[in-house]
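Chains as they are written, first to last, in this note's numbering: chain E, 1 to 117; chain Z, 118 to 1008. Idealized CB from N, CA, C, for every residue including glycine. Just so we're clear, the structure is a prediction, and the values are computed from it rather than from any experiment. Structure, as structure tokens:
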Amino acid sequence: MGGELDLLQGTLDLMVLQTLATMGPQHGYGIARRVEQVSGNEVLLNQGTIHASLVRLQQQGFIRAEWGTSENNRRARFYSLTRTGRKQLERRTEHWERLKAVMSRVLGQSASGPAGR
Amino acid sequence: MMSRLRSLLARLVSPVRRRRLERDLDDDLAAHFSLLVDDLERRGLPPAEARRQARLRFGSLDVAREAHRDARGIGWIEAWSRDARYAARSLRARPGLTLVAVLTLSLGIGTPAAVFGLLDRFVFGTPDVADPDAFVNVVRDGRYSTVTATLAEYQAMSRAQAVRELAAWSSHKFIAPLGADDPSLVTGLLATCNVFRLLGTTTPTAGRLFTPGDCESPAPIAILSERAWRARFGGDPSIVGASLRFGQTPVTIIGVVDAAPILHQWDDAALTPELWLPYSAYASIPASMRSHAATDLLAPSNRTRWLYVGGLLAPGATRAAASAELDALDLAVSLEPDTRRRDPVKAIDGSRWASAPLDMLGLIAMALALPAVLLLLTAVNVAALLLARAAGRQREIGVRLALGASRSSLARLLVAENLILTGLAAGVSFLLVTVVPPLLVRYFDAADWFGDPASLLPGRRVVACVAIASVLSGLLAGLSPMVESLKPRPADALNERRRFGGPRRATRTRRVFVCIQIAACIVPLVTAMIYARAVERYTRPSAPVDALLVAEFTDSRRPALSPAEIATHVEAMAGVSRVALTSSWLPLVFEDAMRVAHPATGAEFPVAERQVSAAFFDTFDVPVVAGRAFDPADLATDPGAEPVIVSEALARRLLGDVSPIGATLQPGRNERLERRLLVVGVAATREVGHAMFRAAGTDGSVIYRLLPETAATGYLLARTRGPAEAAAPAVRERLRALLGTAAQVQPFSAYLEERAGWIRRIEGLFAGLGALSLVLALMGVAGVVSFDALQRRKEIAVRQALGASPGDVRRRIVRLGAPALVAGAAIGLGGAWLLARVTEAERILPSTASGPDPIPYATVGVLMVGIGLATLAAIAYPASRRDPLPVLRED
């Protein structure tokens, strides 16, 4: 196996929303670190990817940004979830759960199919 | 849904907030970088190593910025706005070239748009009434020129529910002097008494407007137009109530009105009658002044249509509903037994377009032909400029292509440049469109045709025209330079080994440009010269007219003296040698026309027709070259044939070399002439003026008929012993004594000058266009040829190094440009010839008896080729003197 995972379209945005829901307001670097940690370093995020996701979510009104001071006393933008963002997270989580269930059913059936014969 | 909308809005405004967003991102990236460095230091890395590792993990900042840009904005908007900024900078870097290109394009776009600005008003303009949206013109057969109704038909249609204020006015204009002191003529119109409500005039300037009762009494009352009131009576309020003679009819002026002009015929100017009379006054107008002397137009049995009809739509009614209702009402009283032959009536908006769309399309095409040529010329000119610039940029483009820019993104950049140039030009053109049409209306004194010049503001059709012309010239000017720019392969461009576009192909493009430019400037120049010579010919006809005096006579004069008797009295004066009478169509000034059938083929064709007295040929100095002149005995009615004299040109056209004397001609079927025409004489061919029918008399074909003694209106022509002007006062006095009222007496040359005025103005317009296109063409040719010479400098240098003399080099350069020059001249002369045929056939150009005039073509052709060759020589000379060595060392 090895190597990092290719993210499906839309999954990064969901990870960002979930991270902010769990950890509260966080700067971009912190969000990226947290996603990498939680994924056991299966997902490695470069700056371009995380900032593109942040600006997208911000434009959709799911997160908001405020300037603050980081732990090393640097000016950084802190992102937090908005109310629509929280609703969006619920909706997307539910959607993802359903997708997950369908996928595992489909994949489970295919595993006990030709392979089992 | 909301979040999508929000996102779209944010993306749309992101280019505007670009600077702030980029700054925020940079700050953010810097903060993250330092956080990463701190992290790495905390894990025990020394500061320098931590920074190195952080840089490695962080990746390219440019990639991060690009991803951010893509995520926050709309890709193509961002890309275009970037290109537009770059293009604007590169245009600012060469202000001279940009200015020339913008001004040239503006001329190309502005000229057709300005002409269209006038056409828009002429073709689509509706009458200037108070409520133009509700206004309808009721027409028959779809046209104004077909008179709409009899009185009975009008009265039937007035019952329509869909139309209110249905009014009618006479198609015949009653023209006569008003009052005893002023001999000039005024135009009177008969109308129904609600006509002013239709036109939206509710209050008179003085006195009163018509009341319904006025149209029931035959008492001749009249309302004076405000313009005539001020011009003829100095705005004297006591005119209201005064009794004046309008021709022979005594009329009482009841009021003064400032009413909107009405469109009489689609191919005529709008009409503001000087005198309005109730239609019932027709009964008091003498038979000689009526259009249909034998018919009583007011009688219920009358079948001759004589009224134009207009009305206002009732609230909520449409023109289609009004058409249906009016037609049904008209059908009920129709006197035409065969309903299939009946022309239905229709309510239209009152524009010329609604009346005669095909004619209007033809007019638009004709009027826009020359401006379109100018658009082509300017676009080609700018294309040549941009082409030269594209050649200068091939290195830059090569570098960009080598660095991985796609050709489509480069094309976008070039399109952005072109759009900026065209956009600026469109802006300037819009100014031209606002300013030029009113100036032209004033220059041509054509407010009757186009309305008040101050109100000629560009409407949406004109804006659309500017847009279309801009897109066209942008495409024409930008496409070829763009294609040429994108051609180089990076390696070639960087090595400069290959000329851009390939030498042969680029040269061919440039030759086509030279050809088009020369051709396009020849057309207006030749046309201007044809017009100039027409004015010359027109005001100085081959027979001398300096000693000719013209007096207008109408039936308002004392009926005791017939025109023939008056002529005898004037001829007896010391300063006068000969006097003739003509009908109300003065030869050379405006010709009547009739159709005759060709004796061999039977095909009918129009010829100019002059009704003259026997003395005309002596007086007007037209020699009778065969047969005889008219004889007073010719007036005796011969039931079989009417004696006529034909011009030599007509005789040749009809019978070739056979003598026409004694031949009989068949008048056209619609000519209302019962008798055949017996040719008794042949007169010399002379110039023919503007004739009533298109194509009549272009070759000098004239048919002369003898003016009947009963003719009550027309002109008296007197040949004087000295200059006409000197004899004018005496003749005027004599006529006053004979007639008892003042008569209008003027030298014949004054009439010709007045008629030549409009040709002079058209000539001025063409001369202006010609001069403009000459300057443009010379600029373009010089630019193209000198660019060509520059491109070939290496070839020339090699030739020089191999022993070519300066003379050889000069000949080579001239030979390169000359074929395009000659071909352009040939195409231009052909185009000018075609345009001249069209203007002659459309009667825009006065005809010549001698066929096409070769001098303008020869003069302009030789002049253009000469100027072109001189330009080539001027470019060839320095090129042939250049030292070849530095050029050869360029690589």
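The ligand GDP heavy atom lying under 7 Å from the CB of residue i
i: GLY773 of chain Z; result: You won't find the ligand GDP in this model; it holds no ligand whatsoever.
Proximity below 8 Å, CB of residue i to CB of residue j
i: ASN71 of chain Z; j: GLY595 of chain Z; result: There is simply no residue 71 of chain Z to check, as chain Z begins at 118 and stops at 1008 in what is shown.
i: GLY427 of chain Z; j: VAL253 of chain Z; result: yes
i: ALA327 of chain Z; j: ILE402 of chain Z; result: Note on identity: in this sequence residue 327 of chain Z is Phe, with Ala being the wrong assignment. No, these two residues do not count as a Cβ contact at 8 Å.
i: ALA400 of chain Z; j: LEU415 of chain Z; result: yes
i: LEU893 of chain Z; j: CYS632 of chain Z; result: no
i: ARG822 of chain Z; j: GLU765 of chain Z; result: no
i: SER818 of chain Z; j: VAL742 of chain Z; result: no
i: ARG270 of chain Z; j: ASP447 of chain Z; result: Looking at the sequence itself, residue 270 of chain Z is Glu, so the reference to Arg does not match. Yes, the Cβ-Cβ distance between GLU270 of chain Z and ASP447 of chain Z is below 8 Å.
i: LEU666 of chain Z; j: PRO716 of chain Z; result: no
i: LEU852 of chain Z; j: ALA668 of chain Z; result: yes
i: ALA398 of chain Z; j: PRO335 of chain Z; result: yes
i: VAL55 of chain E; j: HIS185 of chain Z; result: yes
i: ALA586 of chain Z; j: ALA230 of chain Z; result: yes
i: LEU833 of chain Z; j: VAL687 of chain Z; result: yes
i: LEU152 of chain Z; j: ASN72 of chain E; result: yes
Sheet register partners of residue i (DSSP bridge)
i: THR304 of chain Z; result: Z:ILE292
i: PHE78 of chain E; result: E:HIS27, E:GLU66
i: GLN863 of chain Z; result: Z:VAL667
i: TRP286 of chain Z; result: Z:ALA308, Z:TYR425
i: GLY744 of chain Z; result: Z:GLY798
i: ALA387 of chain Z; result: Z:LEU380
i: SER360 of chain Z; result: Z:THR369
i: THR781 of chain Z; result: Z:LEU795
Cβ distance (whole Å) where residue i is taken to contact residue j below 8 Å
i: ALA181 of chain Z; j: SER70 of chain E; result: Contact doesn't hold; Cβ gap of about 18 Å is too wide.
i: LEU236 of chain Z; j: ALA563 of chain Z; result: With a Cβ gap of about 12 Å, LEU236 of chain Z and ALA563 of chain Z do not count as contacting.
i: PRO367 of chain Z; j: GLY305 of chain Z; result: 13 Å between Cβ atoms; not a contact.
i: PRO132 of chain Z; j: ILE194 of chain Z; result: 6 Å
i: GLY24 of chain E; j: SER104 of chain E; result: With 8 Å as the limit, GLY24 of chain E and SER104 of chain E do not qualify as a contact, their Cβ atoms being about 32 Å apart.
i: PRO971 of chain Z; j: VAL643 of chain Z; result: That belief does not hold up - the Cβ atoms of PRO971 of chain Z and VAL643 of chain Z are roughly 11 Å apart, past 8 Å.
i: ARG77 of chain E; j: GLY30 of chain E; result: That pair is no contact at about 11 Å.
i: ILE537 of chain Z; j: LEU208 of chain Z; result: 6 Å
Helix, strand or coil at residue i [DSSP, three-state]
i: GLN365 of chain Z; result: coil
i: ALA441 of chain Z; result: helix
i: ASP13 of chain E; result: helix
i: THR685 of chain Z; result: helix
i: TRP346 of chain Z; result: helix
i: ARG86 of chain E; result: helix
i: ALA115 of chain E; result: With a pLDDT of only 43 at ALA115 of chain E, under 50, the local geometry of the prediction cannot be trusted, and the value read off the model is given with reservation. Helix.
i: ARG459 of chain Z; result: coil
i: ARG615 of chain Z; result: Residue placement at ARG615 of chain Z is flagged as unreliable, the pLDDT there being 46, under the threshold of 50; a coordinate-derived value is accordingly withheld.
i: ALA464 of chain Z; result: strand
i: SER472 of chain Z; result: helix
i: LEU833 of chain Z; result: strand
i: GLN18 of chain E; result: helix
i: ASN535 of chain Z; result: helix
i: TRP82 of chain Z; result: Missing from the structure shown is residue 82 of chain Z; chain Z here goes from 118 to 1008 and no further.
i: GLN728 of chain Z; result: strand
i: PRO760 of chain Z; result: strand
i: SER673 of chain Z; result: In this prediction, SER673 of chain Z scores a pLDDT of 47, lower than 50, which makes its location untrustworthy; the coordinate-derived value is nonetheless stated afterwards. Residue state, collapsed to three classes: coil.
i: LEU919 of chain Z; result: coil
i: ARG811 of chain Z; result: Residue confidence is low: ARG811 of chain Z scores 49 on pLDDT, short of 50, so the model does not pin down where it sits. No coordinate-derived value is stated.
i: SER131 of chain Z; result: coil
i: GLY948 of chain Z; result: helix
Alpha helix (DSSP H) segment containing residue i, residue limits
i: LEU518 of chain Z; result: 511-519
i: ASP709 of chain Z; result: ASP709 of chain Z -> not in any alpha helix (DSSP H); beta strand (DSSP E) instead, spanning 709-714.
i: THR827 of chain Z; result: Run containing THR827 of chain Z: none; DSSP gives neither H nor E here.
i: GLU601 of chain Z; result: 577-602
i: PRO1001 of chain Z; result: 1001-1005
i: ARG160 of chain Z; result: No alpha helix (DSSP H) holds ARG160 of chain Z; DSSP gives it neither H nor E.
Residue span of the beta strand (DSSP E) that contains residue i, given as start and end
i: LEU790 of chain Z; result: That residue, LEU790 of chain Z, is in no beta strand (DSSP E); it is neither H nor E in DSSP.
i: SER694 of chain Z; result: 693-699
i: GLN278 of chain Z; result: Note, GLN278 of chain Z: premise wrong, no beta strand (DSSP E); not H, not E.
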